[in-house]
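Peer 1: Sharing a structure here in structure tokens format.
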Amino acid sequence: MPTLKGLTMIPKCHSMALVALGFLTTTAPAVQPPAPYGPVPTEGQLIRETNEFYGFLHFTVNTFTDREWGEGDESDSVFQPTNFDAEQIVATARMAGMKGLVLTCKHHDGFCLWPSAYTQHSIKNSPWEHGKGDVVGAVARACRKHGLKFGVYLSPWDRNNAAYGTPAYIIYYRNQLRELLTHYGPIAEVWFDGANGGSGYYGGARETRHIDNHTYYDWSHTWQIVRELQPKAVMFSDAGPDIRWVGNEAGKAGEPCWETVDPSGWCPGDAPGDQLFHGLRPPIPTSGLRWMPAECDVSIRPGWFYHPAENERVKTPQQLTELYYDSIGRGACLLLNIPPDRNGQIHPNDVAALRGFREILDRTFAQDLARKARVAASNVRGNERRFSVRNLFDGNRDTYWATDDAVTNAEVVLTFGRPVTFNVVRLREYLPLGQRIDAFALDQWQAGQWAEFAQGTSIGNCRLIRCQPVTTEKVRFRIVQAPVCAALSELGLFRAGS
Ligand code: FUL
Ligand code: CA
248 MPTLKGLTMI PKCHSMALVA LGFLTTTAPA VQPPAPYGPV PTEGQLIRET
298 NEFYGFLHFT VNTFTDREWG EGDESDSVFQ PTNFDAEQIV ATARMAGMKG
348 LVLTCKHHDG FCLWPSAYTQ HSIKNSPWEH GKGDVVGAVA RACRKHGLKF
398 GVYLSPWDRN NAAYGTPAYI IYYRNQLREL LTHYGPIAEV WFDGANGGSG
448 YYGGARETRH IDNHTYYDWS HTWQIVRELQ PKAVMFSDAG PDIRWVGNEA
498 GKAGEPCWET VDPSGWCPGD APGDQLFHGL RPPIPTSGLR WMPAECDVSI
548 RPGWFYHPAE NERVKTPQQL TELYYDSIGR GACLLLNIPP DRNGQIHPND
598 VAALRGFREI LDRTFAQDLA RKARVAASNV RGNERRFSVR NLFDGNRDTY
648 WATDDAVTNA EVVLTFGRPV TFNVVRLREY LPLGQRIDAF ALDQWQAGQW
698 AEFAQGTSIG NCRLIRCQPV TTEKVRFRIV QAPVCAALSE LGLFRAGS
């Protein structure tokens, strides 16, 4: 059907005119959009990447036993939050700017935060809400209500289950995964943890069990279950398949951090650290190259679980801001852990730190100075408005500036009526067409000539460049190296306070 969008001012009775105009809108545009270059994101990957910032909730028996890894022999009765409040947790996440939450539905200790039909080791045997509660359901519901995505963490290692290490456990694991994927609405992310320390309770055996990471979990079939039941969900592990671990738990992505890797032969547990951190950008696309953005998981506290002794060791707003620049600012996703306390809420110290962090970011990004500039590009694809340089300044990721296919070294000049001062530059590529820029530079107009003040390589979803304050009347963005013409969504200039 030809679309008449934008033509609504034409009276309906002028049917001849409508037909004629409708016909016009179906004629072929003068130029096609650029062809995608290399691997491109799936719908699920795009959702995860463009939502950038999710929170991680580590909550289980460990919260009450003061441990990081439960043994698997904890009594169900230790799980007893005094005032669990999913609304408070989700409202805190939202205030902080998080667009989703991933909950540890089962950590290594095997205790389930939902009433799984496949084990007795769950909240149904805890005194909390007389065994009738469901933490997974409550968090999922509160997320939906407040517009946040919801994701699940289901630890493959289970120190409670007697069958761990045998094929029967894999059936158990997949049954639990099916419960989580079918009982709680849309699932945005499924988080597969690679940790395994060997020893455990294992139904009373109390021994050390070794599994072969390459064969035991048979991941390809487990991934298939997720694809069938939640096709839009992304799966995270150190080896993907959709989102890759960044290779550390410090919240830092590499510089550069490409969106692509070559996971041929990878297996969860032994993906190469250098590729996780930096991605891979071969000069010639290899057949094994895949779109697999990095996610940085890091905790707001020293530990992943709540410990009263760490109440004064919550990261400061400034430290959280650094994490933001080092992860999202380098093109990765951020998954910041905010562990509920023994009440079953985010502790006031964490809430205060998140509030301070949000204020810093809001202050920095409230005003985009680039919007005030007159702009010109050395080339615009087919001279068409669809690919106009103005698309860089409309705050919309779905519109982009593109050049003709033959032009790979284009530039954009911003001219201001009077000098502006900024110290942060934000760039975004149009992801559906792949990662297209290998290197770029930024210049300022200084004493009658251009002077370079920053340069970089990978852009991808987001690239934040921090620099000494630049005061100038003109700024130039230059594509220094690119295998194909660019498709850039956004260019912003901001002033961060000290
Ligand atoms: C690790 C786990 O062992 C930690 O307890 C935590 O869950 C972290 C996010 O992943 O591998
Ligand atoms: Ca745009």
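248 is the number of the first residue of the sequence shown in my numbering; add one for each residue after it.
Every residue gets a Cβ at the ideal spot worked out from N, C-alpha and C, and that includes glycine.
This one's a predicted model, so the numbers in the text were calculated from it and none came from an experiment.
Among ARG723, ILE726, PRO716 and GLY707, which residue has its Cα nearest to the Cα of PRO286?
Peer 2: Translated into positions along the sequence shown, residue 286 becomes position 39. PRO286 has its Cα closest to that of GLY707, out of ARG723, ILE726, PRO716 and GLY707.
Peer 1: Could you spell out where the beta strand (DSSP E) holding MET482 opens and where it closes?
Peer 2: Sequence index remark: in the sequence shown, residue 482 carries index 235 (1-based). Counting along the chain, the beta strand (DSSP E) containing MET482 begins and ends at 481-484.
Peer 1: With respect to 7 Å, is the separation between the Cβ of ASN643 and the closest non-hydrogen atom of ligand 2 below this value?
Peer 2: Counting from one through the sequence shown, the residue named residue 643 turns up at place 396. At least one heavy atom of ligand 2 is nearer than 7 Å to the Cβ of ASN643, so yes.
Peer 1: Under 7 Å from any heavy atom of ligand 1, does the C-beta of ALA442 make it?
Peer 2: Numbered from its first residue, the sequence shown carries residue 442 at position 195. Yes - ligand 1 has a heavy atom lying nearer than 7 Å to the Cβ of ALA442.
Peer 1: I'd like to confirm the pairing. Which residues does DSSP put opposite ILE726 in its beta bridges?
Peer 2: Along the sequence shown, read from residue 1 onward, the residue named residue 726 stands at position 479. Paired residue(s): PHE687.
Peer 1: When burial is assigned at 16 or more other CB atoms within 10 Å of the CB, is ASN626 buried or exposed?
Peer 2: Residue mapping note: residue 626 aligns to position 379 of the sequence shown, counting from 1. By the 10 Å Cβ count, ASN626 comes out buried.
Peer 1: So, with DSSP's three-state summary, where would you put PHE397?
Peer 2: Looking up residue 397 in the sequence shown gives position 150. PHE397: strand per DSSP, three-state reduction.
Peer 1: CB HIS305 to CB ARG341, shorter than 8 Å?
Peer 2: The residue you call residue 305 lines up with position 58 of the sequence shown. The residue you call residue 341 lines up with position 94 of the sequence shown. Result no, Cβ atoms of HIS305 and ARG341 do not sit closer than 8 Å.
Peer 1: Within 10 Å of its beta-carbon, does LYS379 have 16 or more other beta-carbons around it, so buried, or fewer, so exposed?
Peer 2: Your numbering for residue 379 matches position 132 in the sequence shown. Label assigned to LYS379: exposed.
Peer 1: What residues match up with SER369 in a beta bridge as DSSP calls it?
Peer 2: Translated into positions along the sequence shown, residue 369 becomes position 122. According to DSSP, SER369 bridges with CYS359.
Peer 1: Can you tell me whether ARG295 is helix, strand or coil according to DSSP?
Peer 2: Residue numbering aside, residue 295 sits at position 48 when the sequence shown is read from its first letter. Reduced to three states, the DSSP call for ARG295 is helix.
Peer 1: Is there at least one Cβ from chain B nearer than 8 Å to GLY576's Cβ?
Peer 2: Looking at the structure shown, chain B is missing, and only one protein chain is on hand.
Peer 1: Using a 10 Å radius around the Cβ and a threshold of 16 neighbouring Cβ atoms, would you call CYS714 buried or exposed?
Peer 2: Indexing the sequence shown from 1 puts residue 714 at position 467. CYS714 comes out exposed.
Peer 1: So, with DSSP's three-state summary, where would you put GLY451?
Peer 2: Along the sequence shown, read from residue 1 onward, the residue named residue 451 stands at position 204. Helix.
Peer 1: Ignoring anything shorter than 3 residues, give me the beta strand (DSSP E) runs that lie fully in the segment 541-604, in order along the chain.
Peer 2: Segments of the beta strand (DSSP E) lying fully in the segment 541-604: 541-546 and 580-584.
Peer 1: What is the rounded straight-line gap between the Cα of ALA410 and the Cα of ALA364?
Peer 2: Here residue 410 refers to the residue found at position 163 when the sequence shown is read from its first residue. Here residue 364 refers to the residue found at position 117 when the sequence shown is read from its first residue. Taking the straight line from one Cα to the other gives about 16 Å.
Peer 1: How far does the beta strand (DSSP E) with ALA698 in it extend, from its first residue to its last?
Peer 2: Position 451 of the sequence shown holds residue 698. 696-703 is the extent of the beta strand (DSSP E) around ALA698.
Peer 1: So does GLU737 have its beta carbon nearer than 7 Å to some heavy atom of ligand 2?
Peer 2: Numbered from its first residue, the sequence shown carries residue 737 at position 490. GLU737 Cβ: within cutoff of ligand 2.
Peer 1: Can you check which of these residues, THR668, ILE434, LEU401 and GLU676, is closest to ALA387 by C-alpha distance?
Peer 2: Position 140 of the sequence shown, counting from 1, holds the residue named residue 387. With distances taken between Cα atoms, ALA387 lies closest to ILE434.
Peer 1: Can you tell me where the alpha helix (DSSP H) holding PHE524 begins and where it ends?
Peer 2: Counted from its first residue, the sequence shown places residue 524 at position 277. Residues 520-525.
Peer 1: Could you give the distance in angstroms between the alpha-carbon of VAL473 and the alpha-carbon of HIS368?
Peer 2: Position 226 of the sequence shown, counted from the first residue, corresponds to residue 473. Position 121 of the sequence shown, counted from the first residue, corresponds to residue 368. Going by the C-alpha atoms only, they are around 24 Å apart.
Peer 1: With C-beta atoms as the reference, is LEU678 less than 8 Å away from TYR284?
Peer 2: Sequence index remark: in the sequence shown, residue 678 carries index 431 (1-based). Sequence index remark: in the sequence shown, residue 284 carries index 37 (1-based). Cβ atoms of LEU678 and TYR284: not closer than 8 Å.
Peer 1: Using the DSSP secondary-structure output, state which residues sit across from LEU616 in a beta bridge.
Peer 2: On the sequence shown, position 369 is the one that residue 616 refers to. LEU616 is not bridged to any residue.
Peer 1: Excluding sequence positions up to five away, which residues of its chain have a Cβ less than 7 Å from the Cβ of TRP538?
Peer 2: One-based indexing of the sequence shown puts residue 538 at position 291. Same-chain partners within the cutoff: PRO286, VAL287, PRO288, GLN292, GLU506 and THR507.
Peer 1: Can you name, in chain order, every residue of its own chain whose Cβ lies under 6 Å from the Cβ of HIS355, other than the five neighbours on each side?
Peer 2: Position 108 of the sequence shown holds residue 355. Same-chain partners within the cutoff: TRP316, SER402, TRP404 and ARG406.
Peer 1: Would a C-beta distance cut-off of 8 Å place ASP509 and LEU527 closer than the cut-off?
Peer 2: As a first step, residue 509 must be located in the sequence shown, where it is residue number 262. As a first step, residue 527 must be located in the sequence shown, where it is residue number 280. It is a contact, given that the beta carbons lie within the stated cut-off.
Peer 1: Grab the span of the alpha helix (DSSP H) containing PHE311 for me, first residue to last.
Peer 2: Here residue 311 refers to the residue found at position 64 when the sequence shown is read from its first residue. Here the alpha helix (DSSP H) through PHE311 covers 309-312.
Peer 1: On the DSSP bridge assignment, give the partners of GLY739 in chain order.
Peer 2: In the sequence shown, counting from the first residue as 1, residue 739 sits at position 492. Its beta-bridge partners are ARG673.
Peer 1: Would you mind reading off the limits of the beta strand (DSSP E) that contains CYS352?
Peer 2: Reading the sequence shown from its first residue, position 105 is the one you call residue 352. 347-353 is the span of the beta strand (DSSP E), which, as asked, contains CYS352.
Peer 1: Would DSSP call TRP438 helix, strand or coil?
Peer 2: Mapped onto the sequence shown, residue 438 falls at position 191. Here TRP438 sits in strand by DSSP.
Peer 1: Run the CB neighbour count on ASP645, radius 10 Å, all protein chains shown included, and call it buried at 16 or more, exposed below.
Peer 2: The residue you call residue 645 lines up with position 398 of the sequence shown. The residue in question, ASP645, is exposed, as its Cβ has fewer than 16 Cβ neighbours within 10 Å.
Peer 1: Less than 6 Å between C-beta atoms, sequence neighbours within five positions excluded: which residues of the same chain meet that for GLY516?
Peer 2: Here residue 516 refers to the residue found at position 269 of the sequence shown. Correct list, in chain order: GLY441 and ASN460.
Peer 1: Smallest Cα separation from LEU711: which of THR719, ALA701, THR718 and GLU720?
Peer 2: Residue 711 sits at position 464 when you count from the first residue of the sequence shown. Of the candidates THR719, ALA701, THR718 and GLU720, the one whose C-alpha sits nearest the C-alpha of LEU711 is ALA701.
Peer 1: Pairs of beta-carbons, one from the segment 421-440 and one from the segment 483-496, closer than 8 Å: are there three or more?
Peer 2: With the cut-off at 8 Å, the segment 421-440 and the segment 483-496 touch.
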